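Q: In UniProt numbering, the protein residues as written are 1 to 305. Glycine included, each C-beta is placed from N, C-alpha and C at the ideal position. In this text the structure is predicted, and so the values were computed from the model without any measurement. Encoded as structure tokens, here's the structure I'll be asking about.
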């Protein structure tokens, strides 16, 4: 009788005053972000996130600015997610700015540049570094700009046939490189090279990405995702908690860099845009800068302009 009473007391002690807040399931997250990212998850919790626009290469938009930080926060703290592989579609990383998406900047520059650039733009980087509890692998699958989205992952590999650049300071753009790419280059590259490529908009080949430390290796395009999953298999063979904790240790330099660097640099970029009187909807295409107008693979099904 006494034993039964003790069991009853113990069971009563397990009853809490409130329950856990329901977190979206992976299927719900996948559906929520489907216009921006195509997601797949293996049974072991390795999630592949592929940027796209209407099934083709990504077009840079305010909607993407809003979505990407939310994606990292939801997926990066989901307890059933064990690793995130982040990549793009085809051989273009970021193709262009969607003029219609950025049109509000011309009508209400202050509010747009604060809400959709300074806030959303910072959160794109902050959530990837600060809010993601699992290892991340950037798979730089195409040519273009905004390569910090891949290179600031814990691991990064690239296709061997790409050409990338930071276009901020090029004629026709006239913008301060302060939205995260400067953190990426200054953290990973030798200082002289980082300054050169930030200030000139010079192009980087795949071989130079390895040489300057932006990626760990380059892989033939047809083997790129196979190599990504080999790396995932290597990591998933490790102890789950040790793997997650080690991620936070190796990410500490990025955390310091973001705290010291991102807010002021992003604010400087916004100030520079007011001074130069530039609008995102008027910026030249990355495809034009790279001379890839007829070299998009697969053929783009959306409309760039």
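Below 8 Å on the Cβ atoms is my contact criterion, and I expect residue 98 with residue 61 to pass it. Report the Cβ-Cβ distance as a whole number of Å.
A: In the chain shown, counting from the first residue as 1, residue 98 sits at position 98. In the chain shown, counting from the first residue as 1, residue 61 sits at position 61. Going by Cβ atoms, the distance from residue 98 to residue 61 rounds to 4 Å, so yes, they are a contact pair.
Q: Rounded to whole angstroms, what's the CA-CA distance from residue 52 to residue 37? Just pull it up for me.
A: For the purposes of this step, residue 52 is taken as the residue at position 52 of the chain shown. For the purposes of this step, residue 37 is taken as the residue at position 37 of the chain shown. Taking the straight line joining both Cα atoms gives about 6 Å.
Q: Going by DSSP, which residues form a beta bridge with residue 157?
A: As a first step, residue 157 is located in the chain shown; it is residue number 157 there, counting from the start. Beta-bridge pairing links residue 157 to 139 and 217.
Q: Between the region 232-251 and the region 178-189, are three or more C-beta pairs nearer than 8 Å?
A: no
Q: Of all the options 34, 224 and 174, which has the alpha carbon lying nearest to the alpha carbon of residue 90?
A: Residue mapping note: residue 90 aligns to position 90 of the chain shown, counting from 1. Minimum Cα distance to residue 90 is reached at 224.
Q: Tell me which same chain residues have a C-beta within less than 8 Å of the C-beta of residue 163, skipping the five on either side of it?
A: To locate residue 163, count along the chain shown from 1; it is residue 163. Only 143, 203, 204, 205, 206 and 290 meet the Cβ criterion.
Q: Distance, Cα to Cα, residue 222 vs residue 160?
A: Walking along the chain shown from the start, residue 222 turns up at place 222. Walking along the chain shown from the start, residue 160 turns up at place 160. Cα to Cα, the separation comes out at about 10 Å.
Q: Rounded C-beta distance between residue 83 and residue 134? I'm assuming under 8 Å.
A: In the chain shown, counting from the first residue as 1, residue 83 sits at position 83. In the chain shown, counting from the first residue as 1, residue 134 sits at position 134. Confirmed, Cβ separation roughly 5 Å.
Q: Go to residue 274, then tell me how far its alpha helix (DSSP H) extends in each direction, as first and last residue.
A: As a position in the chain shown, residue 274 is number 274, starting the count at 1. Element bounds for residue 274: 252-276.
Q: Measuring only the C-alpha atoms, how far is residue 229 from residue 190?
A: The residue given as residue 229 occupies position 229 in the chain shown. The residue given as residue 190 occupies position 190 in the chain shown. Their backbone Cα atoms lie some 30 Å apart in a straight line.
Q: Report the partner residues of residue 97 according to the DSSP bridge assignment.
A: As a first step, residue 97 is located in the chain shown; it is residue number 97 there, counting from the start. DSSP output for residue 97 lists 60 as bridge partner(s).
Q: In or out: residue 192 buried (at least 16 other Cβ within 10 Å) or exposed?
A: Numbered from its first residue, the chain shown carries residue 192 at position 192. The residue in question, residue 192, is exposed, as its Cβ has fewer than 16 Cβ neighbours within 10 Å.
Q: Given a threshold of 16 other Cβ atoms within 10 Å of its Cβ, counted over all protein chains shown, does residue 250 qualify as buried or as exposed?
A: Residue 250 sits at position 250 when you count from the first residue of the chain shown. Its Cβ having fewer than 16 others within 10 Å, residue 250 is exposed.
Q: For a test of the three-state rule: what should DSSP assign to residue 40, helix, strand or coil?
A: For the purposes of this step, residue 40 is taken as residue 40 along the chain shown, with counting starting at 1. Strand, per DSSP.
Q: Rounding to the nearest angstrom, what Cα-Cα distance links residue 151 and residue 17 in this structure?
A: Looking up residue 151 in the chain shown gives position 151. Looking up residue 17 in the chain shown gives position 17. When rounded, the distance between both Cα atoms is 44 Å.
Q: Would you tell me roughly how many angstroms separate the C-alpha atoms of residue 300 and residue 58, rounded to the nearest one?
A: Within the chain shown, numbered from 1, the residue matching residue 300 stands at position 300. Within the chain shown, numbered from 1, the residue matching residue 58 stands at position 58. Any reading at residue 300 must be qualified, since the residue scores a pLDDT of 46, below 50, and its modelled position is unreliable; the value itself is stated next. Roughly 10 Å separates the two Cα atoms.
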